[in-house]
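Notes follow once the structure below has been shown.
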Amino acid sequence: MTTSFNLNGKQVTVKAEPDTPLLWVIRDEIGLTGTKFGCGVALCGACTVQLDGAPIRSCQTPVSAAAGKKVATVESLSKDNSHPLQKAWIAHDVPQCGYCQSGQLMSAAALLRTNKNPSDADIENAMSGNICRCGTYNRIRAAIKSAAAEMRKA
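What the sequence shown shows, in this note's numbering, is residues 107 to 260, in sequence order.
This is the structure in structure tokens:
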């Protein structure tokens with residue numbers, strides 16, 4: 107079976123069973139490896155991508171759910187770390203092991219698309235499904251606030 111959807115601004119058609127997790131289609135069929143496999147049961151957030159702008163767990167979302175929709179992965183932010191979130195992540199030394207970062211960034215990007223000046227509570231709520239094993243939550247919050255400030259200036 108084939109499924110067509112928009113991935114990072116480009117139309118793609120993939121051949122996969124309808125219940126194949128979107129994560130594996132993105133990684134194995136399309137070859138974009140920024141989205142990570144973490145727990146496999148939608149609890150850690152490492153596999154977070156956006157489906158029509160909303161953060162979802164791609165390890166538990168079937169590819170059939172993406173049919174005709176827009177999917178954005180961490181690769182959609184920028185190729186050169188020029189996105190305000192990527193710059194803030196670097197400036198605040200957020201990554202430690204780095205494994206959760208693509209999911210963290212995609213949840214943060216979804217938040218900032220709808221909330222240009224998030225409070226600490228807004229950030230905690232939006233990021234609550236993303237686990238950082240290294241515990242950089244304070245840096246993540248600071249980076250999101252910095253990116254939000256930069257985006258408000260633009």
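We put the CB at the ideal spot given by N, CA and C, even for glycine. Computed from a predicted model, the values in this text were never measured in an experiment.
Look at the beta carbons and you see the stretch 149 to 157 not touching the stretch 187 to 204: under three pairs across the two are nearer than 8 Å.
When the five nearest sequence neighbours on each side are left out, the beta carbons in the same chain lying within less than 7 Å of the beta carbon of ALA148 are those of ARG163, CYS165 and GLN166, in order along the chain. Scanning its chain for C-beta atoms nearer than 7 Å, with the 5 sequence neighbours on each side dropped, one finds around CYS203 the residues ARG239 and CYS240, in chain order.
The C-beta of PRO161 has 16 or more other C-beta atoms within 10 Å across all chains shown, which makes the residue buried. When the alpha-carbon of ALA227 is set against those of THR242, ALA152, ARG247 and LEU113, the nearest one is in ARG247. DSSP, read as helix, strand or coil, puts LYS142 in coil.
In the DSSP assignment, GLN117 is bridged to ASN112.
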